[in-house]
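Undergrad: Every letter in the sequence shown is one number past the one before it in full-length UniProt numbering, and letter 81, counting from 1, is 81. Glycine is no exception: its CB is placed at the ideal position from the N, C-alpha and C atoms. These numbers come from a predicted model, not from an experiment. The structure under discussion is supplied below as structure tokens; questions concerning it will follow.
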Amino acid sequence: MSQICFYLDEDAGKKSLTNGLRNAGIDVMTTAEADRLGSSDDNQLIWATEQKRVIYSFNVGDFCRLHKAYLEQQQEHSGIVLAAEQSYAIGEQLRGLLKLVESLEAENMANQLVFLKKYIDNF
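Set out below in structure tokens:
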């Protein structure tokens, strides 16, 4: 079993969140670091899956649609974590993501879509 590695999309990849995750020993990469700014959500999910990373995004609608399409087409992805933009402060997001990492192994995130709210509200 292995620890979840994150890929933060353009909107979610704030420097303070990225640094907080790294300071906690979490392997995290942003779209800017991967030189993938401006890529479509579909391409971001493909790349994250190729890199065995769980994508974290505020883009709830598009990633819910992508997740549904993946299930219907029996395609696999490494996992999707979603939060509504502006719903949580950076500290709340950090605590929620750390709780998620404590709760699940990377293998348990495969083909899953989870809402960060579950890990923030139950913290």
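Apart from the five residues on each side of it in sequence, which residues of its chain come closer than 7 Å, Cβ to Cβ, to VAL60?
TA: Locating residue 60 in the sequence shown gives position 60, counting from the first residue. Cβ neighbours of VAL60 beyond the five flanking positions: LEU82, ALA84.
Undergrad: What distance in whole Å lies between the Cβ atoms of ALA110 and SER78, which are believed to be in contact at a cut-off of 8 Å?
TA: Residue mapping note: residue 78 aligns to position 78 of the sequence shown, counting from 1. Residue mapping note: residue 110 aligns to position 110 of the sequence shown, counting from 1. With a Cβ gap of about 6 Å, SER78 and ALA110 count as contacting.
Undergrad: If you reduce the DSSP assignment to three classes, tell me which class ILE1 lands in.
TA: Mapped onto the sequence shown, residue 1 falls at position 1. Looking at the sequence itself, residue 1 is Met, so the reference to Ile does not match. If DSSP states are grouped into helix, strand and coil, MET1 belongs with coil.
Undergrad: Quick one: complete beta strand (DSSP E) runs, 3+ long, within the UniProt domain "DUF5615" (6-118)?
TA: Within the UniProt domain "DUF5615" (6-118), the complete beta strand (DSSP E) runs of at least 3 residues are 6-8, 28-30, 54-57, 80-82, 113-115.
Undergrad: Exposed or buried, which one is ARG53 when buried takes at least 16 other CB atoms within 10 Å?
TA: Reading the sequence shown from its first residue, position 53 is the one you call residue 53. The residue in question, ARG53, is buried, as its Cβ has 16 or more Cβ neighbours within 10 Å.
Undergrad: Closest to ILE90 by CA distance: which of ILE4, ALA12, LEU71 is it?
TA: Numbered from its first residue, the sequence shown carries residue 90 at position 90. Ranking the options by Cα distance to ILE90, first place goes to ALA12.
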